[in-house]
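A.B. asks: Quick one: the structure is below, and I'll ask about it shortly.
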């Protein structure tokens, strides 16, 4: 089965690239993702309640979906399949610290599941489609595209927003791609890996 | 579309360590949930479902409790196959878990905290050809694992997929649900008027899906269809309209032209929280499932998180095979606004179609349909 790449976004080292072109850089005093949020002029107060992993996913989805002609799809035709290596571990530690300090934070506990970022994206873009969250050693284009193929073959989706979101302290490694069953720009796991690696 | 068969059940839970033992304990109305004085140091009177230590064998010197549980289920499921297909390229193992080895969080930077460690452990222990896939999608992880397995088989990616679900009870999860005020005092009462929350339980369970029915030594059933759907509404509160659950059921039944009236048994999520159970009743009514015999298994061994979808599907298939559906333990008086046909005494299923559903944080929902016998 052929798969096609509509739009992609790379968020890394204080830079946001869309379809290979620099979109914005970390310039000001604000934390990186907040400054991107401001740069794109969003008004979405929930953003400030999210943990860092969800913020990364949220911004990446925003950048990618805005350029993917989302309105051409029914609200349950777009699946969201995300992946990373550390699951929600950074927030797990933050939650665990609140527990050890005496008052466990329910607000943080909710974010101790990696698929919460997928939920945030579905809320923001009103996506009622398929979800999945996979944990892999490193960015695994083959596994993500295999999921796209399996969803398309089962008529469970017409497009898939795939994502890789890794957060460690203030460093981010985000990659987002809108994969379709029909289109112009054919993509393979090799070509997607090259894009991720910036080759 | 190729047929997908499902069988080779294995389980490890507070009620027992074989599917028969667990199912028979449920038939006898037993619960594996017990009162524990300050479980894991958490100030709660909520009962917990712990696996007896003598059920769990140490796999390796440094293997964790959860890894031992997964290994045991793997071995017991494989023992029900004519050969072990997972050492070949056309076999895959999927591990469904929410928190993995979260009991190791007290030791900062313990590498066992990484969920990929579970996959590495299984691959090394059993000489697996492919790196196991890890699905961590909250409380639908197990059902989603089964759906994902079937789709991969139908897409021609693998011939045989084992789905293992596993989660443990820990200080981390127990304290979190306590902080959310989601734990019940004593025992949970899914769908009951006086329900006040969940019990946490731990379990591991295994099922094998395959396009080859000769793989199974014993009985097997058929996977028909499945789907997941998001509520697109709230990350921790269930949708008031049951939107995602309703959509996941519609997208499971419609493509295979099975009417809701044809379903003989519905194994629901039924956590025992006010909002979850109410949401389900609304979604089931919208999906025309109000008359279908339905239960929640949470009263027997608690909410087992990422394992729930696997263990509950496994026991639902067992109940269908034996033509005896077990009561929804803890239920006494109707406590949801939309009608449900909750099982209060052992009854036979009304057809051979079995529907499993699950819902979880992140607004996720999943449904899967099976044909038994």
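Chains as they are written, first to last, in the numbering used here: chain A, 1118 to 1316; chain B, 669 to 1041. All C-beta atoms in this analysis are idealised placements derived from N, C-alpha and C, irrespective of residue type, glycine included.
#1: Is it true that the stretch 897 to 913 of chain B meets the stretch 936 to 947 of chain B, where meeting means three or more beta-carbon pairs spaced less than 8 Å apart?
#2: I think residue 1044/B touches residue 685/B, with their Cβ atoms under 8 Å apart; what is that distance to the nearest whole Å?
#3: With residue 1175/A as the anchor, note down where its alpha helix (DSSP H) starts and where it stops.
#4: Under 8 Å Cβ-Cβ, which residues of chain B neighbour residue 1221/A?
#5: Select from 1246/A, 1209/A and 1221/A the residue whose C-alpha is nearest the C-alpha of residue 781/B.
#6: Counting only beta-carbon separations shorter than 9 Å, does residue 1270/A have a partner in chain D?
#7: So, using beta-carbon positions, are residue 1240/A and residue 901/B closer together than 9 Å?
#8: Indicate the three-state DSSP secondary structure (helix, strand or coil) for residue 1318/A in the structure shown.
#9: Would you list, in sequence order, the uninterrupted alpha helix (DSSP H) runs of no fewer than 4 residues that lie entirely inside the stretch 811 to 887 of chain B?
#10: Of the residues that make up the stretch 901 to 924 of chain B, which ones have a beta carbon closer than 8 Å to any beta carbon in chain A?
#11: Quick check: is the beta carbon of residue 819/B nearer than 9 Å to any beta carbon in chain A?
#12: What residues from the stretch 681 to 692 of chain B come within 9 Å of chain A, judged by C-beta to C-beta, listed N to C?
#13: In chain order, which continuous runs of the alpha helix (DSSP H) of length 4 or greater are located wholly inside the stretch 1182 to 1232 of chain A?
#14: Can you give me the start and stop residues for the beta strand (DSSP E) that residue 1031/B sits inside?
#15: On a CA-only basis, which of 1306/A, 1288/A, 1202/A and 1230/A is nearest residue 787/B? Give me that one, please.
#16: Grouping DSSP H, G and I as helix and E and B as strand, with all else coil, what is residue 949/B?
#17: Report, in whole angstroms, the separation of the C-beta atoms of residue 868/B and residue 884/B, which I expect to be a contact under 8 Å.
#18: Quick one, are the C-beta atoms of residue 737/B and residue 719/B less than 9 Å apart?
#19: Where does residue 737/B fall in DSSP's three states?
#20: Can you tell me where the alpha helix (DSSP H) holding residue 914/B begins and where it ends?
#21: With three or more C-beta pairs closer than 8 Å as the rule, is the stretch 1142 to 1155 of chain A touching the stretch 1212 to 1227 of chain A?
#22: Look at the alpha carbon of residue 1029/B and the alpha carbon of residue 1255/A, and state the distance between them as a whole number of angstroms.
#23: Helix, strand or coil for residue 986/B per DSSP?
#24: Okay, do the stretch 822 to 834 of chain B and the stretch 846 to 864 of chain B touch, 3+ Cβ pairs below 8 Å being the bar?
#25: Identify each residue in the stretch 928 to 945 of chain B for which the Cβ-Cβ distance to at least one residue of chain A is less than 8 Å, and report them in chain order.
#26: Can you tell me whether residue 714/B is helix, strand or coil according to DSSP?
#27: Short of 7 Å Cβ to Cβ, which residues in the stretch 802 to 828 of chain B face chain A?
#28: Identify whether residue 691/B lies in helix, strand or coil by the three-state DSSP scheme.
#29: Can you say whether residue 1314/A is buried or exposed, counting buried as having 16 or more other CB atoms within 10 angstroms of its CB?
#30: Give the interface partners of residue 1251/A over in chain B, defined as CB-CB distance under 7 Å, in chain order.
#31: Against chain A, does residue 966/B count as a neighbour if the rule is that its beta carbon must be under 9 Å from one of theirs?
#32: Could you tell me how far apart the beta carbons of residue 932/B and residue 872/B are, in whole angstroms, since I believe they sit closer than 8 Å?
#33: Can you check whether the CB of residue 917/B is closer than 9 Å to the CB of residue 672/B?
#34: Give, in chain order, every unbroken run of the alpha helix (DSSP H) that is at least 4 residues long and sits entirely within the stretch 972 to 1024 of chain B.
#35: In chain A, what lies closer than 9 Å to residue 638/B by C-beta?
#36: For residue 950/B, which residues in chain A fall below 9 Å Cβ to Cβ?
C.D. replies: The structure says:
#1: yes
#2: Since the displayed chain B opens at 669 and closes at 1041, residue 1044/B lies outside it and no answer follows.
#3: 1169 to 1182
#4: 843, 844, 846 and 847
#5: 1209/A
#6: Absent from the structure is chain D; the protein chains it does hold are A and B.
#7: In contact: residue 1240/A and residue 901/B (Cβ atoms closer than 9 Å).
#8: Beyond the ends of chain A as shown, which are 1118 and 1316, falls residue 1318/A; an answer cannot be given.
#9: 839 to 847
#10: 901, 902, 903, 904, 911, 912, 915, 919 and 923
#11: yes
#12: none
#13: 1206 to 1217 and 1223 to 1226
#14: From DSSP, residue 1031/B is part of no beta strand (DSSP E); its letter is neither H nor E.
#15: 1202/A
#16: helix
#17: About 33 Å separates the two Cβ atoms, so there is no contact after all.
#18: yes
#19: DSSP, read as helix, strand or coil, puts residue 737/B in helix.
#20: 911 to 921
#21: no
#22: 25 Å
#23: helix
#24: no
#25: none
#26: strand
#27: 802, 803, 804, 805, 806, 812, 816, 819, 820, 822, 823 and 825
#28: helix
#29: exposed
#30: Under the 7 Å cutoff, chain B gives 801, 802 and 803.
#31: no
#32: Actually they are not in contact, since the Cβ atoms of residue 932/B and residue 872/B sit about 28 Å apart, beyond 8 Å.
#33: Not in contact: residue 672/B and residue 917/B (Cβ atoms no closer than 9 Å).
#34: Runs of the alpha helix (DSSP H) inside the stretch 972 to 1024 of chain B: 976 to 990.
#35: This structure does not reach residue 638/B, given that chain B is present from 669 up to 1041, and the question cannot be answered.
#36: Chain A residues near residue 950/B: none, gap ~16 Å exceeds 9 Å.
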